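Each remark here refers to the structure printed beneath this line.
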Amino acid sequence: MDRATVFASIDPGYSGVRHFVLVNAMALPVIVWALWQVRAPGAAELCAVPIALTLANYGEWALHRYLLHRRVPGFHVLFQRHAVMHHSAFRHDLMAAPSSREWRWVLFPAPALLGLLALVGPICLGMARLVTANVGALLLASFVGFYLLYEWCHLAYHQPEHGLLGRSRVLRWLRLHHQRHHHPRFARSYNFNVTVPLFDWVRGTAMPPQLCQVVDAEARHPADDDVEL
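Residue numbers (my numbering): 26 to 254.
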């Protein structure tokens with residue numbers, strides 16, 4: 026599928042800015058509410074935060090590698106939205122969305138947050154009862170906070186490279202990691218983390234330096250490669 030066809034499929038009434046505001050308006054109150062429940066947490070309870078963020082980072086990596094780039098029965102809609110639509114719209118040499126209208130193929134659908142809450146909510150509630158209320162609240166704030174971080178980072182990577190966000194060295198480095206993943210020949214194999222490439226390093230899916238050089242060179246001199254599905 027070509028880029029123009031993907032963008033033409035966007036509903037005329039869609040607003041990327043409204044979508045982004047809605048996602049934040051849904052997630053931020055959950056984070057604030059969860060943190061409001063925390064009362065004088067101890068050092069052991071605070072360990073819930075790095076544990077949750079590490080688990081979320083693994084979940085990001087595993088979901089991306091095993092469901093978004095593979096035709097798994099029952100999860101075809103995820104493959105279609107990501108591997109087909111998103112990767113057809115954005116390649117390693119065409120990463121920036123032309124306007125906020127194209128954020129439709131960058132941001133998760135707003136109901137995805139409800140799916141996350143349905144998944145982690147019972148876990149957080151169970152930990153609140155089995156361990157402490159502080160642990161449950163910190164887990165909830167961390168999981169939802171990671172979800173929001175993913176959305177912010179992913180949207181930033183698909184902004185103009187030399188724009189305001191491109192001035193940040195950290196964002197440029199993270200964007201480059203994600204940009205290499207968008208190469209049509211290597212999307213199934215490398216750079217599945219979107220926020221911090223922790224599990225790409227741990228699981229050996231970070232793109233090797235020699236391939237990085239090839240992809241970066243091709244990004245500077247675009248070629249007409251087919252998108253890998």
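Think of the CB as a built atom: it goes at the ideal place given N, C-alpha and C, for glycine as much as any other residue.
Here the structure is a predicted model, which means the values were calculated and not measured.
Between residue i and residue j, is the Cβ-Cβ spacing less than 7 angstroms?
i, j, result
"N82", "L199", "no"
"R95", "H207", "no"
"E186", "F32", "no"
"F211", "T230", "no"
"A181", "L196", "yes"
"L119", "L103", "no"
"N159", "P98", "no"
From this set, the options, which residue's C-alpha is nearest residue i's C-alpha?
i, options, result
"P75", "A212, R205, G229, A166", "A166"
"H50", "S113, H187, L138", "Looking at the sequence provided, one finds Ala at residue 50 rather than His. It is L138 whose Cα lies nearest to the Cα of A50."
"S214", "V221, M232, W226, Q204", "M232"
"R90", "H107, L119, R245, G38", "H107"
"P123", "H183, S113, V227, L155", "H183"
"E85", "D27, H179, H112", "H179"
"D257", "A242, V227, P209", "Since the first and last residues shown for the chain are 26 and 254, residue 257 lies out of range."
"T30", "V145, M110, L142", "M110"
"Q204", "V221, W61, A244", "A244"
Specify, as a first and last residue, the run of the alpha helix (DSSP H) that residue i falls within.
i, result
"H187", "Here H187 belongs to no alpha helix (DSSP H), and DSSP marks it neither H nor E."
"A137", "137-155"
"H308", "This structure leaves residue 308 out entirely; the chain is present only between 26 and 254."
"F238", "The amino acid at residue 238 is misidentified as Phe; the sequence shows Gln. Residues 234-245."
"D225", "223-227"
Classify residue i as helix, strand or coil using the three-state DSSP reduction.
i, result
"R129", "helix"
"L92", "coil"
"R64", "coil"
"V116", "For the sequence presented, residue 116 should be read as Arg rather than Val. Correct three-state label for R116: strand."
"V252", "With a pLDDT of only 44 at V252, under 50, the local geometry of the prediction cannot be trusted, and the value read off the model is given with reservation. Note: V252 maps to coil in three-state DSSP."
"V97", "coil"
"P134", "coil"
"M51", "helix"
"S34", "coil"
"G41", "helix"
"P230", "First, the residue type needs correcting, since residue 230 is Thr and not Pro in the sequence shown. DSSP places T230 in coil when its eight states are reduced to three."
"N82", "helix"
"C72", "coil"
"S193", "coil"
Step through the CB atoms of chain C and report whether any lies within less than 7 angstroms of the CB of residue i.
i, result
"V169", "Absence of chain C from the displayed structure is noted, only one protein chain being present."
| field | Inter-stretch contact at 8 angstroms, needing at least 3 Cβ pairs: the segment 46-62 / the segment 157-176 | value | Yes, since at least three Cβ pairs between the segment 46-62 and the segment 157-176 fall closer than 8 angstroms, the two stretches touch.
| query | Counting Cβ pairs closer than 8 angstroms, one from the segment 37-56 and one from the segment 128-138, do we hit at least three? | reply | Result yes; three or more Cβ-Cβ pairs closer than 8 angstroms.
| said: For the pair the segment 61-80 and the segment 155-164, tell me if three or more CB-CB distances fall below 8 angstroms. | reply: Yes, the segment 61-80 is in contact with the segment 155-164.
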